[in-house]
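Beneath this line is the structure, given in structure tokens, with notes to follow.
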Amino acid sequence: MKITVFGGSHPVEGTTAYEEAYLLGSLLGKKGHTVITGGYRGTMQAVSQGASEAGAHVIGITCLEIQNWSGSKANAWVKEEQLEPTLISRLNALISTCDAAIALPGGSGTLTEIVLMWNLMVIQSLPPKPLILIGKEWKKVFDTFLSELGEYVSSQQHELLHFVENIQEAVDLVENNH
10 MKITVFGGSH
20 PVEGTTAYEE
30 AYLLGSLLGK
40 KGHTVITGGY
50 RGTMQAVSQG
60 ASEAGAHVIG
70 ITCLEIQNWS
80 GSKANAWVKE
90 EQLEPTLISR
100 LNALISTCDA
110 AIALPGGSGT
120 LTEIVLMWNL
130 MVIQSLPPKP
140 LILIGKEWKK
150 VFDTFLSELG
160 EYVSSQQHEL
170 LHFVENIQEA
180 VDLVENNH
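Per the working numbering, residue 10 is the first one in the sequence shown, and the count goes up by one each step.
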């Protein structure tokens with residue numbers, strides 16, 4: 010399977026968030042999955058490194074707008090870079106090319122990726138596929154959203170989101186949907 014992993018760009022080597030992302034990449038790589046990330050630093054680098062060291066093919070979907078803004082280039086663990094012209098086309102590629110997506114903790118970019126993929130599945134522009142959110146933080150975010158604005162979200166829409174507490178549960182869920 011091709012698994013896209015969303016996550017924040019801030020974690021650095023030696024932090025718990027980086028090590029968790031590395032473990033996720035390693036476990037997915039050992040299962041033989043192709044791993045797709047945004048290709049830059051932070052959890053994207055950690056996942057890419059873990060997957061690459063486990064022998065997996067690693068695709069980094071990058072974009073000119075981010076590179077022009079931040080000066081970032083694809084991390085060293087990306088085996089295949091797909092350079093998109095815009096952030097919007099990058100988001101589309103991250104979402105449309107995968108068989109499942111896993112979200113680690115992150116900021117506004119990660120939230121955008123989750124919500125865009127979710128909405129594309131809601132409007133049936135994208136076939137249903139596992140969208141797995143790791144951590145109590147995402148569960149709390151979406152519980153708050155649903156408690157405040159739940160009248161706008163049907164139960165079928167809510168069921169498109171899968172919440173897990175840890176990396177191993179996410180990998181198990183991917184394997185069960187394989």
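The beta-carbon is built from N, C-alpha and C at its ideal position, and this holds for glycine as well.
Query	Result
Residue 163: which of 127, 187, 46 and 93 sits nearest, CA to CA?	127
Please determine, among 50, 25 and 30, the residue with the shortest C-alpha to C-alpha distance to residue 180.	30
Helix, strand or coil, according to DSSP, for residue 40 in the structure here?	coil
Starting from residue 165, trace the alpha helix (DSSP H) both ways and give me its first and last residue.	164 to 167
Starting from the Cα of residue 48, find the closest Cα among 38, 17 and 152 and give me that residue.	17
At the level of alpha carbons, what is the spacing between residue 10 and residue 110?	11 Å
Check the DSSP bridge columns for residue 69 and list the partner residues they point to.	46 and 90
Identify the residues that DSSP records as bridge partners of residue 15: which are they?	112
How about residue 68 and residue 91: do their beta carbons lie closer than 8 Å?	yes
Is residue 113 closer than 8 Å to residue 33 when the C-beta atoms are compared?	yes
For residue 171, write down the residues that DSSP places opposite it in a beta bridge.	141
Taking 7 Å as the line, does the beta carbon of residue 78 fall inside it for any heavy atom of the ligand PLP?	Ligands displayed in this structure: none; no statement on the ligand PLP is therefore possible.
Considering only C-alpha positions, which residue in the set 177, 100 and 65 is nearest to residue 74?	100
Can you find the residues in the same chain that come closer than 8 Å, C-beta to C-beta, to residue 155, ignoring five residues on each side of it along the sequence?	162 and 167
Compute the beta-carbon to beta-carbon distance between residue 143 and residue 124, rounded to the nearest angstrom, for a pair I have assumed lies under 8 Å.	16 Å between Cβ atoms; not a contact.
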